[in-house]
Amino acid sequence: DVKVTQSSRYLVKRTGEKVFLECVQDMDHENMFWYRQDPGLGLRLIYFSYDVKMKEKGDIPEGYSVSREKKERFSLILESASTNQTSMYLCASSQGQPGLAGETQYFGPGTRLLVL
Amino acid sequence: DQQVKQNSPSLSVQEGRISILNCDYTNSMFDYFLWYKKYPAEGPTFLISISSIKDKNEDGRFTVFLNKSAKHLSLHIVPSQPGDSAVYFCAASSNSGYALNFGKGTSLLVTP
Numbered sequence: 093d094v095k096v097t098q099s100s101r102y103l104v105k106r107t108g109e110k111v112f113l114e115c116v117q118d119m120d121h122e123n124m125f126w127y128r129q130d131p132g133l134g135l136r137l138i139y140f141s142y143d144v145k146m147k148e149k150g151d152i153p154e155g156y157s158v159s160r161e162k163k164e165r166f167s168l169i170l171e172s173a174s175t176n177q178t179s180m181y182l183c184a185s186s187q188g189q190p191g192l193a194g195e196t197q198y199f200g201p202g203t204r205l206l207v208l
Numbered sequence: 008d009q010q011v012k013q014n015s016p017s018l019s020v021q022e023g024r025i026s027i028l029n030c031d032y033t034n035s036m037f038d039y040f041l042w043y044k045k046y047p048a049e050g051p052t053f054l055i056s057i058s059s060i061k062d063k064n065e066d067g068r069f070t071v072f073l074n075k076s077a078k079h080l081s082l083h084i085v086p087s088q089p090g091d092s093a094v095y096f097c098a099a100s101s102n103s104g105y106a107l108n109f110g111k112g113t114s115l116l117v118t119p
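So the sequence lines, in the order shown, correspond to chains A and B.
No gaps in the numbering here: position 101 of the first sequence is 193 in the working numbering, and each next residue is one more.
No gaps in the numbering here: position 88 of the second sequence is 95 in the working numbering, and each next residue is one more.
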């Protein structure tokens, strides 16, 4: 069974703190993604990675960085957390490109981050 | 700029009736479309997809229709059940990309 896990379900941090969100997938997928979900804005892509040590900016990368040292693990880093980064963060993984082989993305349960 | 649009933030339907969720897209390069379902405090789960070479795909109570000329797709749920109450996201991709473009979601409430 497909599994994407995220290190924390809920997190409370202070403004200016460095925050690490971890995501692990056990499906040997090539691609991993970080999204944030905000009310009225849907899911917005922050960064994705199509291979180990490779990363691509998504639609809203400002204020974030990522790390993928191992295939199964993709970390999202908030270098200096700000209140406007309070959100639900969702990690996803997929094997191929959507549509080419009917591939889809599998999501983790999400991390709800509150920055005070 | 939002390339995938779900213009109805919410929808309420009675149990047993049909739920129709709509989605429009602007990018003519999109050729694969998906619907995801999301319960509160959980990650989205894949529901159904359709390739641009088809105009309909059915899976049990769920059917997705694609109208390429109108750049419009819809998800039909028949019959609707209270357990279908969730937020539904429409997503699209092109065969040159890895990422999905998501709409803002439609919150469906199925009342007994």
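Don't be surprised by glycine CBs; every beta carbon is placed ideally from N, CA and C.
The model shown is predicted, which means the values in this text are computed figures rather than measured ones.
What would DSSP say about A/Thr-107, mapped onto helix, strand or coil?
coil
Is there a C-beta anywhere in chain A that falls below 8 Å from the one on B/Ala-93? no
- prompt: Counting pairs of beta carbons, one from the stretch 75 to 82 of chain B and one from the stretch 163 to 181 of chain A, are three or more of them closer than 8 Å?
  reply: no
Review point. Grouping DSSP H, G and I as helix and E and B as strand, with all else coil, what is B/Gly-90?
Key: helix
### Task
For A/Gly-132, go through chain B and note every residue whose CB falls closer than 7 Å to its CB, in chain order.
Lys-111
Quiz prompt | Alpha carbon of A/Gln-177 to alpha carbon of B/Tyr-32, nearest angstrom | solution = 28 Å
Checklist entry - Taking 7 Å as the cut-off, is the CB of A/Ser-100 close to at least one heavy atom of the ligand NAP? => result Among the components modelled here there is no ligand, and therefore nothing to report on the ligand NAP.
Practice problem: For B/Asn-34, return the contacting residues in chain A, with the cut-off set at a CB-CB distance below 8 Å. | Solution: None at all; the shortest Cβ gap to chain A is about 13 Å.
Specify, as a first and last residue, the run of the beta strand (DSSP E) that B/Asn-64 falls within. Following the DSSP letters along the chain, one finds B/Asn-64 inside the beta strand (DSSP E) bounded by residues 63 to 66.
| Per-residue contacts from B/Glu-49 into chain A (C-beta, under 9 Å) | Phe-199, Pro-201 and Gly-202
Requested in this report: Note down, in chain order, every chain B residue with its Cβ under 7 Å from the Cβ of A/Phe-140.
Outcome: Tyr-105 and Ala-106
| task | Please look up how many angstroms separate the CB atoms of B/Gly-50 and A/Gly-200, rounded, as I've assumed it's under 8 Å. | result | 5 Å
- Item | Residues that A/Leu-135 contacts on chain B, provided the C-beta gap is smaller than 7 Å | Phe-96 and Phe-109
* With a floor of 3 residues, list each beta strand (DSSP E) that falls wholly inside the stretch 8 to 56 of chain B, ordered by position along the chain. => 17 to 21, 26 to 32 and 39 to 45
*Is the stretch 9 to 17 of chain B in contact with the stretch 143 to 159 of chain A, if contact means three or more CB pairs nearer than 8 Å?*
Result no; under three Cβ-Cβ pairs closer than 8 Å.
Out of curiosity, what's the CA-to-CA distance linking B/Ala-98 and B/Ile-60? 17 Å
**Prompt:** Is B/Phe-72 close to chain A, meaning its C-beta is less than 8 Å from at least one C-beta of that chain?
**Reply:** no
Query - For B/Asn-108, three-class secondary structure by DSSP - result: Note: B/Asn-108 maps to strand in three-state DSSP.
*For A/Leu-206 and A/Arg-172, the rounded distance between their alpha carbons*: Residue identity check: residue 172 of chain A is Ser in the sequence provided, not Arg. The alpha-carbon atoms of A/Ser-172 and A/Leu-206 are separated by roughly 13 Å.
For A/Gln-189, which of helix, strand or coil comes out of DSSP? Correct three-state label for A/Gln-189: coil.
**Request:** Compute the Euclidean distance between the alpha carbons of B/Asn-34 and A/Leu-208, then round it to the nearest angstrom.
**Result:** Answer to the nearest angstrom: the Cα atoms are 38 Å apart.
Item to complete: Kindly provide the ranges of any beta strand (DSSP E) runs that are 3 or more residues long and lie completely inside the stretch 130 to 197 of chain A, ordered along the chain.
Response: Secondary structure in the stretch 130 to 197 of chain A: the beta strand (DSSP E) runs of 3 residues or longer, each lying completely within the stretch, are 134 to 141, 156 to 162, 165 to 170 and 179 to 186 in chain order.
Can you list, in chain order, the residues of its chain whose CB lies under 6 Å from that of A/Val-216, leaving out five sequence neighbours each side? Since the displayed chain A opens at 93 and closes at 208, residue 216 of chain A lies outside it and no answer follows.
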